[in-house]
Amino acid sequence: GMLSQISRDQYPCRLSSEKIKLFAAWYEHSQLSKEQEQDGSSSPGKKMLATLRGKKIVFNSTVEIPLLRKWYEENPKPDIKDLTRYAEILNNLDQRKTREQVLARHVNTWFKNERARLRREGLLEDLSRPSMVVTTGT
Numbered sequence: 001g002m003l004s005q006i007s008r009d010q011y012p013c014r015l016s017s018e019k020i021k022l023f024a025a026w027y028e029h030s031q032l033s034k035e036q037e038q039d040g041s042s043s044p045g046k047k048m049l050a051t052l053r054g055k056k057i058v059f060n061s062t063v064e065i066p067l068l069r070k071w072y073e074e075n076p077k078p079d080i081k082d083l084t085r086y087a088e089i090l091n092n093l094d095q096r097k098t099r100e101q102v103l104a105r106h107v108n109t110w111f112k113n114e115r116a117r118l119r120r121e122g123l124l125e126d127l128s129r130p131s132m133v134v135t136t137g138t
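Take the sequence shown: its letter number 44 is residue 44 in UniProt numbering, and every next letter is one higher.
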């Protein structure tokens, strides 16, 4: 099938070297997992996927979340410059010193999730569309 074609470098479509490296890491790990299962060891497949994606960031609910919400109220769609600045501010907080460092992409994900949460709760109109204002002639 497709996986064997990729592993033998015979897949007809072009794949980026990054995707090939990720596949190779996954494939090698899956082979090790199979060997561990046969040995009776546990299979850490989810850990490998998490490692490839990066660690999940959990924001502190008493300090970081209020800051994120304040920034969200100021600008619900920040640019990369603002996201980077927010990440730096969060990383300089005492609560973050002993925890995983925040990247701009983590802050961006929080903003996307917050927009989705507000939309789901009916508290947010779609920000990408201009609002329709109806005016009547007087």
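C-beta: ideal position from N, C-alpha, C; glycine also.
Tell me the rounded alpha-carbon separation between residue i and residue j.
i	j	result
residue 196	leucine 15	Residue 196 falls outside the range modelled here, since the chain spans only 1 to 138, and no answer is possible.
phenylalanine 59	arginine 99	10 Å
arginine 119	leucine 103	25 Å
glutamate 28	tyrosine 11	18 Å
glutamate 73	leucine 22	38 Å
tyrosine 86	arginine 69	12 Å
glutamate 18	serine 4	18 Å
isoleucine 80	glutamate 88	12 Å
glutamine 101	leucine 83	14 Å
glycine 122	valine 63	26 Å
arginine 105	glycine 54	11 Å
arginine 117	glutamine 95	25 Å
cysteine 13	asparagine 75	41 Å
isoleucine 57	asparagine 113	13 Å
asparagine 91	tryptophan 71	15 Å
Kindly list the residues whose CB is nearer than 8 Å to the CB of residue i, restricted to its own chain and excluding five residues on each side of it in sequence; keep chain order.
i	result
isoleucine 65	Phe59
By Cβ distance below 6 Å, which residues in the same chain neighbour residue i in space, the five residues on each side in sequence not counted?
i	result
asparagine 108	Leu83
With a floor of 4 residues, list each alpha helix (DSSP H) that falls wholly inside the UniProt DNA-binding region "Homeobox" (66 to 122), ordered by position along the chain. 80 to 91 and 104 to 120
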